[in-house]
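Please read the structure below before turning to the comments.
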Amino acid sequence: KLPRNYEKALELIDKHLIYWPKFTLHKCKQRYTKIVQYLIRMRKLRKKNTKKLVSRDLKMEKRESRREIKALSAAQLDQSIEKELLERLKKGTYGDIYNIHKDVFEKLVDEEEEEEEEEETEFVEDFDESDLEDLEEYSLEMEMEQRV
Numbered sequence: 002k003l004p005r006n007y008e009k010a011l012e013l014i015d016k017h018l019i020y021w022p023k024f025t026l027h028k029c030k031q032r033y034t035k036i037v038q039y040l041i042r043m044r045k046l047r048k049k050n051t052k053k054l055v056s057r058d059l060k061m062e063k064r065e066s067r068r069e070i071k072a073l074s075a076a077q078l079d080q081s082i083e084k085e086l087l088e089r090l091k092k093g094t095y096g097d098i099y100n101i102h103k104d105v106f107e108k109l110v111d112e113e114e115e116e117e118e119e120e121e122t123e124f125v126e127d128f129d130e131s132d133l134e135d136l137e138e139y140s141l142e143m144e145m146e147q148r149v
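When we follow our numbering, the leftmost residue of the sequence shown carries the number 2, and every step to the right adds one.
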């Protein structure tokens, strides 16, 4: 086993391979140097906090995106069917027989109440003659601007 100190390790290689050919001695030293440099690089990289690369499963992503698209189209289809049925229910196409869920019925009743609230008009006092004149002047001004 070689010591951790690089120079002492090279001396030990020299000592043990004293009777070997110079070429083999040189190759052993080169191999040892390469391994030491590799270990130094590995230590440096371990100290750095590099981002870990994570592979993406494209097959799964495509599958999920297709499922999402199908689910959205199914939801739109359900909504359009529900709208159509509610419209028919309002028109009275099916007569007096209603076999619908309670929550859908309540939703329909709420929508009708909202429409009724929106349709309520607010009555204002009668116009004075001066207000009528102001309106005529304003409309004349608007016509002049449009012509220009």
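Yeah, the Cβ is synthetic: ideal placement off N, Cα and C, and Gly gets one too. Remember, predicted model here, so these are calculated numbers, not experimental data.
Segment contact, 8 Å Cβ cut-off, at least three pairs: the region 5-20 with the region 39-54: no
Provide the residue span of the alpha helix (DSSP H) that contains threonine 34, from first to last. Locating residue 34 in the sequence shown gives position 33, where the first residue counts as 1. Counting along the chain, the alpha helix (DSSP H) containing threonine 34 begins and ends at 23-48.
Compute the distance between the beta-carbons of leucine 1 and proline 22, then report whether it is under 8 Å. Nothing in the structure corresponds to residue 1, since the chain is present only between 2 and 149.
Less than 8 Å between the C-beta atoms of leucine 78 and leucine 109, yes or no? Taking the sequence shown and counting its residues from 1, one reaches residue 78 at position 77. Taking the sequence shown and counting its residues from 1, one reaches residue 109 at position 108. No.
Contact check, leucine 11 vs lysine 30, beta carbons under 8 Å: As a first step, residue 11 must be located in the sequence shown, where it is residue number 10. As a first step, residue 30 must be located in the sequence shown, where it is residue number 29. In this structure, lysine 30 lies closer than 8 Å to leucine 11 by Cβ.
Distance, glutamate 137 Cα to methionine 145 Cα: Locating residue 145 in the sequence shown gives position 144, counting from the first residue. Locating residue 137 in the sequence shown gives position 136, counting from the first residue. Taking the straight line from one Cα to the other gives about 13 Å.
Leaving out five residues before and five after threonine 25 in sequence, what residues of the same chain have Cβ atoms less than 6 Å from its Cβ? Translated into the one-based positions of the sequence shown, residue 25 becomes position 24. Same-chain partners within the cutoff: there are none.
Alpha-carbon spacing of glutamate 8 relative to histidine 27, whole angstroms: Indexing the sequence shown from 1 puts residue 8 at position 7. Indexing the sequence shown from 1 puts residue 27 at position 26. Looking at the two C-alpha atoms, the distance is approximately 15 Å.
Serine 56 (DSSP reduced to helix, strand or coil): Position 55 of the sequence shown, counted from the first residue, corresponds to residue 56. DSSP places serine 56 in coil when its eight states are reduced to three.
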